[in-house]
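Below is one structure; the comments refer to it alone.
Numbering (my numbering), first residue to last: 5 to 234.
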C-alpha cells in the first residue's frame with residue numbers, strides 16, 4: 005500500500021508499540037516506534053515526522069515534557085495515550101500542546117480514524133493553497149503554507165487541531181458550522197461521538213484570539229460555531 009505519512013510512536017509498553025505499528029502500517033503509513041521520548045526526540049531532530057503519538061507516563065522525560073519540547077519549534081500533530089482519566093490530566097495534556105487525548109485501553113480503530121483525518125487535512129491544505137496561502141478576516145491572518153497565525157500582526161501559537169479548526173471556520177467565516185461537521189472534517193469521527201473535543205478546542209481558541217478587537221467565535225446554540233465580527 006502507498007505510504008501515507010511518517011509517524012513516530014513512543015510508549016514503554018512493547019505490546020502497545022507493536023499494536024500501533026501493525027495498525028498504522030496496515031493503513032499505509034511508515035511507522036517508527038521508540039521505548040522512550042528521548043529516542044523519539046533524537047529521531048525527530050534528524051527527520052521530522054508527520055505525526056507523533058506519545059505515551060504520557062514513560063521512563064525519563066514524560067509525554068508532557070516531550071510534547072513541550074516538540075512544540076518549541078514544530079506544529080507536528082501530537083496525540084497522547086494515557087492510563088489517566090481525570091480532568092486535571094486532560095487539562096495538563098492540552099496545556100502542554102497535544103492535539104488529542106486517548107485513554108488506555110483505547111480503540112485502535114478510533115485512533116486510526118483520528119490519524120487519518122489529521123493527515124488527510126494536511127494533504128488537502130497543501131493542495132488547496134499551493135499558490136495563494138494567506139487568508140484574512142479583519143485582524144485575523146492565517147498563512148496556510150507557512151503555518152503562521154497572527155492577530156493584528158502579533159503571532160499566536162496553535163496546536164495542529166486548533167489550527168485546523170480555526171482555518172475551517174475562517175474558510176467559512178460568518179457561516180455557522182455544526183459540531184458534527186467539525187467532528188467529521190477535523191477529527192474524523194462520525195455523528196454520535198462525544199462532542200467535548202470541539203467545545204474544548206473552541207474554548208482554547210477563544211482564549212488565544214481574545215486580543216482581537218474585530219473577530220470572535222460565536223456559539224450557535226444547539227448547532228455549532230461561527231467565526232464572526234465583534
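Don't be surprised by glycine CBs; every beta carbon is placed ideally from N, CA and C.
*Neighbourhood of residue 220 by C-beta, 7 Å cutoff - its chain only, sequence neighbours within 5 removed*: In the chain shown, the residue the question calls residue 220 occupies position 216. Hits under 7 Å: 232, 234.
*Inspect the beta-carbon positions of residue 228 and residue 180 and report whether they are closer than 7 Å.*
Counting from one through the chain shown, the residue named residue 228 turns up at place 224. Counting from one through the chain shown, the residue named residue 180 turns up at place 176. Yes.
_Three-state secondary structure assigned by DSSP to residue 53_ = Reading the chain shown from its first residue, position 49 is the one you call residue 53. Correct three-state label for residue 53: coil.
*Just the Cα atoms here: how many angstroms apart are residue 55 and residue 13?*
In the chain shown, the residue the question calls residue 55 occupies position 51. In the chain shown, the residue the question calls residue 13 occupies position 9. Rounded to whole angstroms, residue 55 to residue 13 spans 9 Å at the Cα level.
*Could you tell me if residue 30 is buried or exposed, where buried requires 16 or more neighbouring beta carbons within 10 angstroms of its beta carbon?*
Position 26 of the chain shown, counted from the first residue, corresponds to residue 30. Flag for residue 30 reads exposed.
*Just mark residue 214 as buried or exposed, buried being the case when its beta carbon has 16 or more other beta carbons within 10 Å.*
For the purposes of this step, residue 214 is taken as residue 210 along the chain shown, with counting starting at 1. Classification for residue 214: exposed.
*asked:* Could you compute how far the alpha carbon of residue 103 sits from the alpha carbon of residue 205?
replied: On the chain shown, residue 103 is found 99 positions in, with the first residue counted as 1. On the chain shown, residue 205 is found 201 positions in, with the first residue counted as 1. Between residue 103 and residue 205, the C-alpha separation is close to 9 Å.
*Reference residue 47, options 66, 74, 203, closest by Cα*: Working through the chain shown from its first residue, we reach residue 47 at position 43. Considering only alpha carbons, the answer is 74.
_Using 7 Å as the threshold, is the C-beta distance between residue 35 and residue 21 below it?_
Within the chain shown, the letter at position 31 stands for residue 35. Within the chain shown, the letter at position 17 stands for residue 21. The Cβ atoms of residue 35 and residue 21 lie no closer than 7 Å to each other.
_Quick check: what's the CA-CA separation for residue 108 versus residue 84?_
As a first step, residue 108 must be located in the chain shown, where it is residue number 104. As a first step, residue 84 must be located in the chain shown, where it is residue number 80. Each residue's Cα considered, the two are about 10 Å apart.
_Limits of the unbroken beta strand (DSSP E) element including residue 4_ = Nothing about residue 4 can be read from this structure; the chain reaches only from 5 to 234.
*So which of 80, 64, 71, 217 has the shortest CA-CA distance to residue 11?*
The residue you call residue 11 lines up with position 7 of the chain shown. Out of 80, 64, 71, 217, the CA that lies nearest to the CA of residue 11 is found in 80.
*When 98, 163, 121 are compared against residue 191, the one with the closest alpha-carbon*: By one-based count along the chain shown, residue 191 stands at place 187. Residue 121 is the option with its Cα nearest to residue 191.
*Looking at C-beta atoms only, is the number of pairs between the segment 141-159 and the segment 113-127 that lie closer than 8 Å three or more?*
Fewer than three Cβ pairs drawn from the segment 141-159 and the segment 113-127 lie within less than 8 Å of each other, which leaves the two stretches out of contact.
*Hey, how far is the Cα of residue 25 from the Cα of residue 19?*
Position 21 of the chain shown, counting from 1, holds the residue named residue 25. Position 15 of the chain shown, counting from 1, holds the residue named residue 19. Using only the alpha carbons, I get a separation of about 10 Å.
*asked:* Taking the beta strand (DSSP E) that residue 14 belongs to, which residues open and close that run?
replied: Your numbering for residue 14 matches position 10 in the chain shown. Counting along the chain, the beta strand (DSSP E) containing residue 14 begins and ends at 10-14.
*Check whether the Cβ atoms of residue 147 and residue 156 lie closer than 7 Å to each other.*
In the chain shown, residue 147 corresponds to position 143, counting from 1. In the chain shown, residue 156 corresponds to position 152, counting from 1. Not closer than 7 Å, so no.
*Tell me whether residue 162 sits in a helix, a strand or coil according to DSSP, three-state version.*
If you number the chain shown from 1, residue 162 lands on position 158. Residue state, collapsed to three classes: coil.
*Spatial neighbours of residue 171 within its chain, please: CB distance less than 8 Å, with the 5 preceding and 5 following residues excluded, ordered by chain position.*
Against the chain shown, residue 171 aligns to sequence position 167. If we look at residue 171 and ignore the five residues flanking it on each side, its Cβ neighbours are 129, 139, 146, 148.
*Could you spell out the range, first to last residue, of the alpha helix (DSSP H) harbouring residue 154?*
Along the chain shown, one-based indexing puts residue 154 at 150. Segment 152-155 is the beta strand (DSSP E) holding residue 154; no alpha helix (DSSP H) there.
*Selection from 65, 40, 78, 63 that minimises the alpha carbon distance to residue 51*: Position 47 of the chain shown, counted from the start, is the residue given in the question as residue 51. Checking every option, the nearest Cα to that of residue 51 belongs to 78.
*asked:* Quick check: what's the CA-CA separation for residue 95 versus residue 68?
replied: Working through the chain shown from its first residue, we reach residue 95 at position 91. Working through the chain shown from its first residue, we reach residue 68 at position 64. For residue 95 and residue 68, the distance between alpha carbons rounds to 11 Å.
_Residues of its chain near residue 53, where Cβ-Cβ distance is below 7 Å and the 5 sequence neighbours each way are ignored_ = Position 49 of the chain shown, counted from the start, is the residue given in the question as residue 53. Within the same chain, residue 53 has close Cβ partners 10, 11, 12, 80.
*In terms of residues, what are the limits of the beta strand (DSSP E) holding residue 140?*
Translated into positions along the chain shown, residue 140 becomes position 136. Segment 138-141, the beta strand (DSSP E) holding residue 140.
_residue 141 and residue 174 closer than 7 Å at C-beta_ = Translated into positions along the chain shown, residue 141 becomes position 137. Translated into positions along the chain shown, residue 174 becomes position 170. Cβ distance < 7 Å, so residue 141 and residue 174 count as in contact.
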